[in-house]
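There are 4 protein chains.
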Amino acid sequence: MSGLRIGVLVAVCAAFSLAIVLPAARPTPQSAPQAPAPLANDPKLLEDLVYANRILYQQDVLDGFGHVSARSDKDPSHFLMSRSMAPGLVTSNDIMEFDSDGEPVDARGRNAYVERYIHAAIYRVRPDVKAIVHSHSPDIIPFSVTGTILRPIYHVSAFLGAGAPIFEIRDTDRSTDMLIRNNKLGDALAKSLGDRAVVLMRGHGYVAVGYSIPAAVYCAIYTQINARVQAEAMKLGPVNFLSAEEIPKAQAGSEAVLGRSWELWKSRVGKIE
Amino acid sequence: MSGLRIGVLVAVCAAFSLAIVLPAARPTPQSAPQAPAPLANDPKLLEDLVYANRILYQQDVLDGFGHVSARSDKDPSHFLMSRSMAPGLVTSNDIMEFDSDGEPVDARGRNAYVERYIHAAIYRVRPDVKAIVHSHSPDIIPFSVTGTILRPIYHVSAFLGAGAPIFEIRDTDRSTDMLIRNNKLGDALAKSLGDRAVVLMRGHGYVAVGYSIPAAVYCAIYTQINARVQAEAMKLGPVNFLSAEEIPKAQAGSEAVLGRSWELWKSRVGKIE
Amino acid sequence: MSGLRIGVLVAVCAAFSLAIVLPAARPTPQSAPQAPAPLANDPKLLEDLVYANRILYQQDVLDGFGHVSARSDKDPSHFLMSRSMAPGLVTSNDIMEFDSDGEPVDARGRNAYVERYIHAAIYRVRPDVKAIVHSHSPDIIPFSVTGTILRPIYHVSAFLGAGAPIFEIRDTDRSTDMLIRNNKLGDALAKSLGDRAVVLMRGHGYVAVGYSIPAAVYCAIYTQINARVQAEAMKLGPVNFLSAEEIPKAQAGSEAVLGRSWELWKSRVGKIE
Amino acid sequence: MSGLRIGVLVAVCAAFSLAIVLPAARPTPQSAPQAPAPLANDPKLLEDLVYANRILYQQDVLDGFGHVSARSDKDPSHFLMSRSMAPGLVTSNDIMEFDSDGEPVDARGRNAYVERYIHAAIYRVRPDVKAIVHSHSPDIIPFSVTGTILRPIYHVSAFLGAGAPIFEIRDTDRSTDMLIRNNKLGDALAKSLGDRAVVLMRGHGYVAVGYSIPAAVYCAIYTQINARVQAEAMKLGPVNFLSAEEIPKAQAGSEAVLGRSWELWKSRVGKIE
Chain B
33 MSGLRIGVLV AVCAAFSLAI VLPAARPTPQ SAPQAPAPLA NDPKLLEDLV
83 YANRILYQQD VLDGFGHVSA RSDKDPSHFL MSRSMAPGLV TSNDIMEFDS
133 DGEPVDARGR NAYVERYIHA AIYRVRPDVK AIVHSHSPDI IPFSVTGTIL
183 RPIYHVSAFL GAGAPIFEIR DTDRSTDMLI RNNKLGDALA KSLGDRAVVL
233 MRGHGYVAVG YSIPAAVYCA IYTQINARVQ AEAMKLGPVN FLSAEEIPKA
283 QAGSEAVLGR SWELWKSRVG KIE
Chain L
33 MSGLRIGVLV AVCAAFSLAI VLPAARPTPQ SAPQAPAPLA NDPKLLEDLV
83 YANRILYQQD VLDGFGHVSA RSDKDPSHFL MSRSMAPGLV TSNDIMEFDS
133 DGEPVDARGR NAYVERYIHA AIYRVRPDVK AIVHSHSPDI IPFSVTGTIL
183 RPIYHVSAFL GAGAPIFEIR DTDRSTDMLI RNNKLGDALA KSLGDRAVVL
233 MRGHGYVAVG YSIPAAVYCA IYTQINARVQ AEAMKLGPVN FLSAEEIPKA
283 QAGSEAVLGR SWELWKSRVG KIE
Chain D
33 MSGLRIGVLV AVCAAFSLAI VLPAARPTPQ SAPQAPAPLA NDPKLLEDLV
83 YANRILYQQD VLDGFGHVSA RSDKDPSHFL MSRSMAPGLV TSNDIMEFDS
133 DGEPVDARGR NAYVERYIHA AIYRVRPDVK AIVHSHSPDI IPFSVTGTIL
183 RPIYHVSAFL GAGAPIFEIR DTDRSTDMLI RNNKLGDALA KSLGDRAVVL
233 MRGHGYVAVG YSIPAAVYCA IYTQINARVQ AEAMKLGPVN FLSAEEIPKA
283 QAGSEAVLGR SWELWKSRVG KIE
Chain W
33 MSGLRIGVLV AVCAAFSLAI VLPAARPTPQ SAPQAPAPLA NDPKLLEDLV
83 YANRILYQQD VLDGFGHVSA RSDKDPSHFL MSRSMAPGLV TSNDIMEFDS
133 DGEPVDARGR NAYVERYIHA AIYRVRPDVK AIVHSHSPDI IPFSVTGTIL
183 RPIYHVSAFL GAGAPIFEIR DTDRSTDMLI RNNKLGDALA KSLGDRAVVL
233 MRGHGYVAVG YSIPAAVYCA IYTQINARVQ AEAMKLGPVN FLSAEEIPKA
283 QAGSEAVLGR SWELWKSRVG KIE
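Residue numbers (our numbering), protein chains in the order written: chain B, 33 to 305; chain L, 33 to 305; chain D, 33 to 305; chain W, 33 to 305.
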């Protein structure tokens, strides 16, 4: 507790009270989606993206917040993602297309996630990435705010490599609402990610990427489990992590069988519409 | 453990044994509600209040104990709350109206929650508050009894501002059963809350308020999650909390999208009667 | 970890291997219950006892092991308890009657729980006790093996009084299988419990008693929750427990409304046969 | 945290990016099983093996990974195990037969688990063992990477004896992907297990064995629970483990009633096909 830095007691809760007179601080009504133009993408890709939304909710990676996207198969500079809604409720009708700047191609009155620039920025500089997950997982936050490096504690999370970097938004802009609201912040985050699979975001969450939708979902889920395990292990004593030699080999081994988990996760979600 | 203060070993359990001869200590039979007068409030408000009861149970904020209320739309000095029962079982027929002193307007033999004075006292002094949650969440208790300040560790709980105050009932009355059984204790609690969104209660629980039912439910749920995350983070090392600049901005950002969570939580509860 | 006492590495696992040739160490086949004599007890008491079994499983107090009993309304020196089976599967046909020595009145080939002497011994010396729960809850074990006193950290578990005693079976018999296999061990346990509501058993579990089935179930459930909360709180810092003045008052307050929890728990179990 | 050894920051994540061009690192498509030859084993054994798969998933011992096998009743040098798939989805059609070298007797295009050599090696040297579970349980990993010995903290996990050994794969091969991919590694693991019931695997998981399918499942489940309890207890203070005298007696006592748990676990899984 000695490390706790108690900030100045500004009356921030006044802002809360003020909310009743500030329309901007009210919850935005869920815009009723107009009959959307059917997307011309591979139906399997769209189905996998809907499953990814449901799986990540079912596996406690996402709650009412967070999102998952996939690179478009028709135009690789574009990506697909749900309109702004809880991922656990997403259906194929909710998927929208976004351009390389993160702007909706055909919004039709539907709201887009504010933080779509996370996805746009990473797709711009990582041609190998085909899918991206952004989550506020409570298991990850402790690592993002204490500087403890998240490292692969067992073979199934070897994709964490030498450790996940931590993105500090204050390094780009000292006065934000913590959200990646524009391409400048998106680019800074993508730079922090580099060529890795996972980047943590201080006081916010993390991003996991993959060479396919199942691969990104796999990374997102096992990043979370690794965090739980590592936090618990560190309370028992010094941790013997995977070695630099073991990491790339274990990563290849896990990737070879991740379809096994994907089938299981889909079965837990059940039939989707 | 060095901090443990082992109290005098008074034979308090004798009270337990005595319970068999003390009718007052027996469980009160659930009074069968008489056909209640239908409330003339906005049906949407009543529906949201029933959903709030069910959601808070489904999200583990409430168990057999705790309650949630809403300010009346017909008479803003009055409020609406269930009769004394487990929130997870509440239906619209169980909602009662209370006056500004916390007394039932038309009890019809129904029992009211003993701690209704929590609600009455806050509605009296916080015109901005439209809904109130009181919970005994096990995740919150550790913060209430150790003096560790609960602070926003990530953007979604920015409403915690500079930290939740802790209400010490002994400061008002050294010899209570811990419950807010009257308006004097209610007023002291409301004063401790001040213009904030959340107040912890030592050895008891917490209260979260909001400018709407969804907003109060949101605060109650994310206060609990923040507690889990903060407790875990503090075991890893010194915590880098949201800055004074980030807090009000992040709070506005979260409030703008809380409807997304509300829809998800309702879907988890399913159809209500 | 410095406190860990690593015992001599006796080849105890040989016993495991030997198990294949030692019939006594094999799982006893579940004896198919013969058409049992219908018990002449109050049907409400029998129904509550079945609910208690199911609730305690549903609330994670019991798993395949542990049991719950009720004092007989017909012969207060006798008690009622299921035959030896997982509590979560108990139906009214599985309830047996036991005499004051813990022996089945009419076994009809049904197996009784080995540790029925826990119940017999307590009913003999605690006329106020009408129901008893014995559990191996994982949340309780840490308190039973470290000497940390389990104390009421919030009002709903005030029945813990000045702290739950810890029964050390070695004080009675240094060489047991940890089970309360006879009345001598049962009497020692009952003495350790004294006039309290809860006693922990070192490396084994705990016993909670009540003036009714719902009261014993309530104590069993909130003892477990208190353990989780206290363990977490002690990691944050010195704990401010309920005061000696607050404990008896809070206990009476909670008991007055425990029917509220009982109705909720029953609803979670659903219809029983 | 002082104990954390931060490895060299090799660009292991490049391997991740490269995955898109390395077919070997792609998820293997689930081979559609051809109409398999019906196994001539005791139907009860096959049914129990399917239940074991489902139970271990339902009880959170296995997720998409891990496996469970049984020694063949027809040819005791052979064993039975599912094709490579998530255990939670296994049906009797998925069970394959393996010889004493761990090779499929009649694969018919079905993939076998890479780590089948764990099972083959143990069956070769432990005639008493009739069933084996291999799991990556997150609760076990902390013990495998910190050197903290997992010991029986209560009677139900007395089978842990004087403590579970930890298998260090680096002692046999310094440069692996952590998996038991051949009989040499399998033999080393079996040697580390010795005549015990459980062996942990550093940065990987554990293996639990039994004299029957229910016994192995029982050991696997209570090893996991013991890990949770021990980790929590060690945070409270020095732990008073079962004594060398209590261990073998408590083990026999638990084994005598494990059928009670088995029936419960089966009921949770429900009907299998």
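Ideal Cβ positions, reconstructed from N, Cα and C, are used throughout, including at glycine.
Residue i at chain L interface by Cβ criterion, 9 Å
i                            : result
methionine 117 of chain B    : yes
phenylalanine 175 of chain B : yes
isoleucine 127 of chain B    : no
leucine 211 of chain B       : yes
serine 104 of chain D        : no
histidine 168 of chain B     : yes
CB contact below 9 Å: residue i versus chain W
i                        : result
arginine 142 of chain B  : no
arginine 206 of chain D  : yes
histidine 236 of chain D : yes
threonine 123 of chain D : no
glycine 18 of chain B    : Summary: the structure shown does not reach residue 18 of chain B, with chain B confined to residues 33 through 305, and so no result is reported for it.
Residue i, enclosing alpha helix (DSSP H) - first and last residue
i                         : result
alanine 240 of chain W    : Not the alpha helix (DSSP H): alanine 240 of chain W falls in the beta strand (DSSP E), residues 237 to 242.
valine 100 of chain D     : First-last for valine 100 of chain D: 99 to 103, but that is the beta strand (DSSP E), not the alpha helix (DSSP H).
isoleucine 279 of chain B : 278 to 287
valine 82 of chain D      : 75 to 90
methionine 266 of chain W : 245 to 268
serine 224 of chain B     : 215 to 225
Closer than 9 Å to chain D by CB, residue i
i                        : result
threonine 255 of chain L : no
aspartate 95 of chain L  : yes
arginine 156 of chain W  : no
Inter-residue CB distance, residue i and residue j (contact presumed, cutoff 8 Å)
i                        : j                            : result
leucine 221 of chain B   : phenylalanine 199 of chain B : 5 Å
arginine 115 of chain W  : aspartate 133 of chain W     : Not a contact, Cβ separation roughly 18 Å.
leucine 274 of chain D   : histidine 187 of chain D     : 7 Å
histidine 168 of chain B : valine 239 of chain B        : No, histidine 168 of chain B and valine 239 of chain B are not in contact; Cβ-Cβ is about 11 Å, not under 8 Å.
leucine 81 of chain D    : proline 119 of chain D       : Between proline 119 of chain D and leucine 81 of chain D the Cβ distance is about 10 Å, and since that is not below 8 Å, they are no contact.
valine 177 of chain B    : arginine 234 of chain B      : 6 Å
Residue from the options with nearest C-alpha to residue i
i                         : options                                : result
leucine 296 of chain D    : L:Leu71, L:Ile201, L:Gly98             : L:Gly98
methionine 210 of chain L : D:Ile172, D:Pro184, D:Val82, D:Ile150  : D:Pro184
tyrosine 243 of chain B   : B:Ser104, B:Arg300, B:Gln90, B:Lys303  : B:Ser104
alanine 84 of chain W     : W:Asp160, W:Thr208, W:Ser101           : W:Ser101
serine 124 of chain D     : D:Leu232, D:Trp294, D:Ala72            : D:Ala72
histidine 151 of chain W  : W:Asp74, W:Leu217, W:Pro280            : W:Leu217
leucine 232 of chain L    : L:Asp203, L:Pro108, L:Val122, L:Pro174 : L:Pro174
leucine 77 of chain B     : B:Asp92, B:Lys281, B:Leu112, B:Gln91   : B:Leu112
asparagine 307 of chain L : L:Thr204, L:Gly285, L:Val230, L:Met128 : The structure shown does not extend to residue 307 of chain L, since chain L spans only 33 to 305, so no value can be given for it.
proline 280 of chain L    : L:Ala194, L:Glu147, L:Ala252           : L:Ala194
lysine 223 of chain W     : W:Ile154, W:Asn143, W:Pro246, W:Lys303 : W:Ile154
Short CB-CB distance (under 9 Å) between residue i and chain B
i                         : result
leucine 274 of chain L    : yes
methionine 266 of chain W : yes
alanine 252 of chain L    : no
alanine 56 of chain W     : Caution applies to alanine 56 of chain W, whose pLDDT of 31 falls short of 50 and renders its modelled position unreliable; the value that the coordinates give is listed next. It does: the Cβ of alanine 56 of chain W has a partner Cβ on chain B nearer than 9 Å.
glycine 195 of chain W    : no
Extent of the continuous beta strand (DSSP E) to which residue i belongs
i                            : result
isoleucine 304 of chain W    : Run containing isoleucine 304 of chain W: none; DSSP gives neither H nor E here.
glutamate 135 of chain L     : Neither: glutamate 135 of chain L is in no beta strand (DSSP E) and is coded neither H nor E.
serine 275 of chain D        : Premise fails: serine 275 of chain D is in no beta strand (DSSP E) and is neither H nor E.
phenylalanine 111 of chain L : 111 to 114
methionine 210 of chain L    : Premise fails: methionine 210 of chain L is in no beta strand (DSSP E) and is neither H nor E.
leucine 232 of chain D       : 230 to 233
Beta-carbon neighbours of residue i, restricted to chain E and to distances below 9 Å
i                     : result
serine 299 of chain B : In summary, chain E is missing from the structure at hand, where the protein chains are B, L, D and W.
message: Quick check for students: name the residue ranges of the alpha helix (DSSP H) that lie wholly in the region 144 to 182 of chain B, counting only runs of 4 or more.
response: Segments of the alpha helix (DSSP H) lying fully in the region 144 to 182 of chain B: 148 to 157, 173 to 178.
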